[in-house]
Amino acid sequence: MAIPVSYSFRNLWTRRLTTILTASGMALVVFVFASVMMLAEGLRKTLVETGSYDNVIVIRKGSQSEMQSGVDRASASIVETAPEIAIGADGRPFLAKELVVIINLLKRGSDKPSNITIRGIGEYSLALRPQVKLVEGRMPKSGASEIIAGESVAKRFRGAGIGETIRFAMRDWTVVGIFDAGRTGYSSEIWGDVDQLMQAFRRPAYSSVLFKLRDSSEFQKVKDWIEHDPRLTLEAKRETRYYADQSEMMAKFLRILGITLTIIFSLGAVIGAMITMYAAVATRTAEIGTLRALGFQRRNILAAFLIESMLLGLSGGLMGLFFASFMQLITISTVNWQTFSELAFSFTLTRGIIVNSLLFSLIMGFVGGVLPAVRASRMNIVDALRTS
Amino acid sequence: MKTRTGPIVEVRNIYKSYRRGTQTVPVLEDITFDIQEGEFLALMGPSGSGKSTLLNLIAGIDKADSGTITVGGIEITSLSETELAGWRATNVGFIFQFYNLIPVLTAFENVELPLLLTGLSRSGRREHVDLALKAVSLSDRADHYPSQLSGGQQQRVAIARAIITDPTILVADEPTGDLDRHSAEEILDLMERLVHELGKTVIMVTHDPRAAGKAHIIKHLEKGVLNSDVHSEDTL
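Residue numbers (the working numbering), protein chains in the order written: chain A, -4 to 383; chain B, 704 to 939.
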């Protein structure tokens, strides 16, 4: 049986100040690590949750996003005939032909313009996105210059509040409703009737066609048909896949940045832990000699000091995570580099990030503790006892 | 109680030297003697005479250059380091000058420590520790930390820890060296009781003639060489 963990724990507790100071260094590193991961996760979640698994988005072959895509009216009509598309309550295909345009709007309280996505919607657009709900006002009437704005847009952009008007595409558009799209990318959009918007922007083609599958397992079938029909130059993706692809570049960039930063920071924290543990070994030399004399093996001593150091790392990890969890209260708005439009998202803490952060802190503790622990385990018993 | 014939400790032709820089300093030269079971032996001698080294060799925490030491029928000089650690856990009880209790563990936990190396269950360990603490009259201090105990009490906890595994031998290095006269007296009485009532074999290094007076046999070491035995009555 080994030296009890309580021995390691109480030694940390006995020198609380040193423990807290050393753990704080590690906490800082874990904080940075967790925060960047939370940021990447928040971004991914916002974009992925924007899509539904059963929905299929059809865009022009080779285009990265709806914004770059164009689906002419004839192609859209061919897609509409696919038997795999679910049927809506009125007996028509559960499908929306949409237009996506980026415009510039001024933010409230500043003269700085920012890009915003305008989406031309069809009758089924709202129904295809169950996460989007009209919370105030009403839907735009077809044929009228009316729009509805996402909550985040209404809050942050000049003229986007209910009853206000925004001028774009040489028309004044009245905001008649506000929709809540949770944390999805739609909350950073403005929606209006697709036909009105196509006319105003003088666009001859839709950007995308979105439909719901009759049966989720038929995705491959409809995808093959769309992509191989000689009349069409389109590709079909599950909506979730489409948005995950959108988030990939930025999330990857954030992760690489985060990991690089934390590895550099962690060197400092590891050295801090090493100094603390070397000091602990030095002050407890007689204790180590006693434990060895009593019959504990070298490996027991090694384990006891490694556990102590890993507990030190873990307490730093918990401290860092505790502070990082408050980052969830912050919402960041930035440009989505793939669509060049405004995107609002929050730091998101997931179980995976918690596990990884704690694992990371344990590794820091282990690396910092291994050399001092080896020194402790290699002490000559008689020499160690003599220090008392 | 173990029943066996012959000496419990046999020390044969032990040589031990230390390296100090390029020089080799001899500490023990051709030491040979026996200790009988149930004997209370005191090792005396001036500083640097090698008495602590001899004690360390018998306790299996140091290695001799040559010669053999057999304790309880096991030749410990031929054991590997790992085997030696296992052997110490069940065969040697240590009593140190500065008690060497683990400061972050309570009296109970300190006494329990050697039992963690045995296969004893939690309840079995509790039973043993309670008995040992009772034997040193410290049952009421089980939950105290070493810093909350007097020097004499700490040494009593250390004795409880030394006897908890019912070891073959008890080794004590200046057990009264850090204690006032009254506490020292208590500790020596306790050690005497261990020998007389429990039949323990005790090997004690001491400078203190009063402590040595409690022993059955006193051996004097002078510059690494053992002088003839003196029975304690003769020194008093």
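Glycine included, each C-beta is placed from N, C-alpha and C at the ideal position.
Please confirm if phenylalanine 291/A has its CB atom under 9 Å from at least one CB of chain B. Looking up residue 291/A in the first sequence gives position 296. Yes, because at least one Cβ of chain B sits closer than 9 Å to the Cβ of phenylalanine 291/A.
Since I believe methionine 314/A is in contact with alanine 18/A (beta carbons under 8 Å), could you give me their beta-carbon distance rounded to a whole number of angstroms? Numbered from 1 along the first sequence, position 23 holds the residue referred to as residue 18/A. Numbered from 1 along the first sequence, position 319 holds the residue referred to as residue 314/A. Sure, about 6 Å apart at Cβ, within 8 Å.
Let me check understanding here. Comparing Cα to Cα, which of Ser328/A, Ala164/A, Ala275/A, Val148/A lies closest to leucine 38/A? For this step, residue 38/A is matched to residue 43 along the first sequence. That would be Ser328/A, whose Cα lies nearest to the Cα of leucine 38/A.
Out of Ser182/A, Met322/A, Ala368/A, which one is the CA nearest neighbour of methionine 33/A? As a position in the first sequence, residue 33/A is number 38, starting the count at 1. The shortest Cα separation from methionine 33/A among Ser182/A, Met322/A, Ala368/A belongs to Met322/A.
If alanine 139/A and valine 170/A are in contact, beta carbons under 8 Å, what's the gap, nearest whole angstrom? What you label residue 139/A is simply residue 144 of the first sequence in a count that begins at 1. What you label residue 170/A is simply residue 175 of the first sequence in a count that begins at 1. Not a contact, Cβ separation roughly 12 Å.
Indicate whether at least one CB of chain B lies closer than 9 Å to the CB of arginine 287/A. Taking the first sequence and counting its residues from 1, one reaches residue 287/A at position 292. Chain B, which has a Cβ nearer than 9 Å to the Cβ of arginine 287/A, makes this yes.
Using Cβ-Cβ distances below 7 Å, what residues of the segment 269 to 283 of chain A are close to chain B? Ala281, Glu282
Excluding the 5 residues flanking lysine 128/A on each side, which residues of the same chain have their C-beta closer than 6 Å to its C-beta? Counted from its first residue, the first sequence places residue 128/A at position 133. Excluding positions up to five away in sequence, the list reads Asp175.
In three-state terms, what does DSSP make of phenylalanine 355/A? On the first sequence, residue 355/A is found 360 positions in, with the first residue counted as 1. If DSSP states are grouped into helix, strand and coil, phenylalanine 355/A belongs with the helices.
Rounding to the nearest angstrom, what Cα-Cα distance links isoleucine 376/A and asparagine 295/A in this structure? Numbered from 1 along the first sequence, position 381 holds the residue referred to as residue 376/A. Numbered from 1 along the first sequence, position 300 holds the residue referred to as residue 295/A. Each residue's alpha carbon lies about 14 Å from the other.
Lysine 280/A versus arginine 864/B - alpha carbon distance: Your numbering for residue 280/A matches position 285 in the first sequence. Your numbering for residue 864/B matches position 161 in the second sequence. Note on residue identity: the sequence assigns threonine, not lysine, to residue 280/A. The straight-line gap from Cα to Cα measures roughly 20 Å.
So, valine 712/B versus isoleucine 761/B, is the Cβ gap smaller than 9 Å? To locate residue 712/B, count along the second sequence from 1; it is residue 9. To locate residue 761/B, count along the second sequence from 1; it is residue 58. In contact: valine 712/B and isoleucine 761/B (Cβ atoms closer than 9 Å).
Could you name the residues of the same chain whose beta carbon sits closer than 8 Å to that of serine 399/A, not counting the 5 residues immediately before and after it, in chain order? Since the displayed chain A opens at -4 and closes at 383, residue 399/A lies outside it and no answer follows.
Here's the rule I'm using: 16 or more other beta-carbon atoms within 10 Å means buried, otherwise exposed. How should glycine 776/B be labelled? Along the second sequence, read from residue 1 onward, the residue named residue 776/B stands at position 73. When all chains shown are included, glycine 776/B counts as exposed.
Within 10 angstroms of its Cβ, does lysine 705/B collect 16 or more other Cβ (buried), or is it exposed? Taking the first residue of the second sequence as 1, we reach residue 705/B at position 2. At lysine 705/B, the pLDDT of 47 sits below 50, so the modelled position is not reliable; the number obtained from the coordinates is stated separately. Result: exposed.
Below-9 Å beta-carbon distance, threonine 9/A vs any chain B residue: Counting from one through the first sequence, the residue named residue 9/A turns up at place 14. Yes, threonine 9/A counts as interfacial toward chain B.
So, aspartate 85/A versus serine 137/A, is the Cβ gap smaller than 9 Å? On the first sequence, position 90 is the one that residue 85/A refers to. On the first sequence, position 142 is the one that residue 137/A refers to. Contact: no.
What residues in the segment 769 to 798 of chain B have a beta carbon less than 7 Å from any beta carbon of chain A? Thr785, Ala788, Gly789, Arg791, Ala792, Phe797
Can you confirm whether serine 304/A, when its beta carbon is compared against all beta carbons of chain B, has any partner nearer than 9 Å? Translated into the one-based positions of the first sequence, residue 304/A becomes position 309. Not an interface residue.
Arginine 5/A versus chain B: which residues are under 7 Å apart at the beta carbon? If you number the first sequence from 1, residue 5/A lands on position 10. Going along chain B in sequence order, the residues near arginine 5/A (Cβ under 7 Å) are Val807.
Closest Cα partner of arginine 913/B within the set Leu929/B, Asp883/B, Ile866/B, Ser842/B: Position 210 of the second sequence holds residue 913/B. That would be Asp883/B, whose Cα lies nearest to the Cα of arginine 913/B.
If the criterion is Cβ atoms closer than 9 Å, does the pair alanine 77/A and phenylalanine 206/A meet it? As a position in the first sequence, residue 77/A is number 82, starting the count at 1. As a position in the first sequence, residue 206/A is number 211, starting the count at 1. Contact flag set, yes.
My parser needs the beta strand (DSSP E) runs of 3 or more residues fully inside the segment 243 to 299 of chain A; what are they? none
Output the distance between the C-alpha atoms of threonine 14/A and isoleucine -2/A, rounded to the nearest integer angstrom. On the first sequence, residue 14/A is found 19 positions in, with the first residue counted as 1. On the first sequence, residue -2/A is found 3 positions in, with the first residue counted as 1. Answer to the nearest angstrom: the Cα atoms are 20 Å apart.
For glutamine 726/B and serine 755/B, what's the separation of their Cα atoms in angstroms? Here residue 726/B is taken as the residue at index 23 of the second sequence, counted from 1. Here residue 755/B is taken as the residue at index 52 of the second sequence, counted from 1. Approximately 21 Å, taken between the alpha carbons.
Determine which residues share a DSSP beta bridge with threonine 785/B and list them. For the purposes of this step, residue 785/B is taken as the residue at position 82 of the second sequence. None; threonine 785/B has no bridge partner.
Where the alpha helix (DSSP H) containing leucine 7/A begins and where it ends: Counted from its first residue, the first sequence places residue 7/A at position 12. Segment 0 to 9, the alpha helix (DSSP H) holding leucine 7/A.
If contact means a Cβ-Cβ distance below 8 Å, which residues of the segment 355 to 376 of chain A contact chain B? Ile376
Minimum C-alpha distance to threonine 780/B - residue among Ala745/B, Tyr718/B, Ile920/B: As a position in the second sequence, residue 780/B is number 77, starting the count at 1. Taking only the C-alpha atoms, the option nearest threonine 780/B is Tyr718/B.
Is threonine 809/B helix, strand or coil when you go by DSSP? Translated into the one-based positions of the second sequence, residue 809/B becomes position 106. Three-state DSSP puts threonine 809/B in coil, outside helix and strand.
Could you work out which residues of chain B lie near tyrosine 2/A, taking near to mean beta carbons separated by less than 8 Å? Here the question's residue 2/A lines up with position 7 in the first sequence. Going along chain B in sequence order, the residues near tyrosine 2/A (Cβ under 8 Å) are Ile805, Val807, Leu808.
Can you tell me the Cα-Cα spacing of glutamate 213/A and glutamate 79/A, whole angstroms? As a working note, residue 213/A is residue 218 in the first sequence. As a working note, residue 79/A is residue 84 in the first sequence. Near 7 Å, if we compare the C-alpha coordinates of glutamate 79/A and glutamate 213/A.
Could you name the residues of the same chain whose beta carbon sits closer than 6 Å to that of leucine 192/A, not counting the 5 residues immediately before and after it, in chain order? Walking along the first sequence from the start, residue 192/A turns up at place 197. These residues qualify, in order along the chain: Leu94, Gly115.
Of the choices Gly46/A, Gly363/A, Leu354/A, whose alpha-carbon is the least far from that of aspartate 181/A? On the first sequence, position 186 is the one that residue 181/A refers to. One detail in the question is off: residue 181/A reads as tyrosine in this sequence, not aspartate. With distances taken between Cα atoms, tyrosine 181/A lies closest to Gly46/A.
Report the option in Leu873/B, Glu888/B, Glu895/B, Asn930/B whose CA atom is closest to the CA atom of asparagine 759/B. Within the second sequence, residue 759/B is the residue found at index 56, counting from 1. Nearest of Leu873/B, Glu888/B, Glu895/B, Asn930/B to asparagine 759/B, Cα basis: Leu873/B.
Spatial distance of serine 109/A from threonine 271/A (CA atoms): If you number the first sequence from 1, residue 109/A lands on position 114. If you number the first sequence from 1, residue 271/A lands on position 276. The straight-line gap from Cα to Cα measures roughly 50 Å.
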